[in-house]
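Asker: Residue 1 is where the sequence shown starts when you use UniProt numbering, and the numbers rise one by one after that.
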Amino acid sequence: MTPEIGQCHESRAVAAPVHSGRRGCKLRRLARLLIVLLPMAAQADAPDAELARRLVESGRILPLEQLLERVRAIRAGVLLEAELEYESDHQTYVYEIELLDDAGQVWELELDAETGELIELAPEHSQGSP
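(1) Work out the CA separation of Glu69 and Glu96 for me, nearest whole Å.
(2) With a threshold of 6 Å (Cβ to nearest heavy atom), would Leu80 be considered close to the ligand FAD?
(3) Taking the beta strand (DSSP E) that Ile97 falls in, what are its first and last residues?
(4) Identify every residue that forms a DSSP beta bridge with Val106.
(5) Is the region 73 to 81 touching the region 48 to 64 in the sense that three or more CB pairs, one from each, lie closer than 8 Å?
(6) For the region 52 to 87, which segments carrying the beta strand (DSSP E) assignment without a break, of at least 3 residues, lie completely within its bounds, in sequence order?
(7) Compare the C-alpha of Leu118 against each of Arg53, Leu55, Leu109 and name the closest.
(8) Once the 5 residues before and after Glu4 are set aside, which same chain residues still bring their CB inside 6 Å of it?
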């Protein structure tokens with residue numbers, strides 16, 4: 001018997017978990033959708049990485065590694081996040097960096113991506129803190 005469009009019918013291996021009814025069908029559809037969409041989400045950052053590479057090669061911005069050396073001289077800590085952002089107000093690129101220091105404090109640093117100049121250094125406030 002061939003399932004009709006919209007029906008959920010699959011053969012299962014003996015060791016596979018068995019879901020009954022419509023819920024199992026929805027879970028399998030969701031799993032298939034995630035399998036298709038996850039690679040697309042991973043590629044979403046690719047244009048940003050390509051843009052950053054081109055900006056470094058053209059001399060418009062400093063390489064992230066070079067800025068991280070400057071960050072280490074300003075504040076010791078473990079790198080949590082680094083983002084390259086375009087500030088349309090000033091028509092310049094900035095690196096937004098988050099660090100975790102030895103005391104457990106998260107710090108946010110903003111540096112001019114072209115010069116490496118520190119723009120801002122501030123502790124991050126956790127939710128619920130003033």
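Glycine included, every Cβ here is placed at the ideal spot set by N, Cα and C.
Answerer: For this structure:
(1) Glu96 and Glu69: Cα-Cα distance of roughly 14 Å.
(2) No copy of the ligand FAD occurs in the structure displayed, which carries no ligand at all.
(3) Where Ile97 is concerned, the enclosing beta strand (DSSP E) stretches over 92 to 100.
(4) Answer by DSSP bridge pairing, in chain order: Leu100.
(5) Verdict: no, contact absent.
(6) Runs of the beta strand (DSSP E) inside the region 52 to 87: 78 to 87.
(7) Nearest of Arg53, Leu55, Leu109 to Leu118, Cα basis: Leu109.
(8) Confidence at Glu4 is low in this model, with a pLDDT of 47, below 50, so its placement is unreliable and the value that follows should be read with caution. The beta carbon of Glu4 is closer than 6 Å to none in its chain, skipping five residues each way along the sequence.
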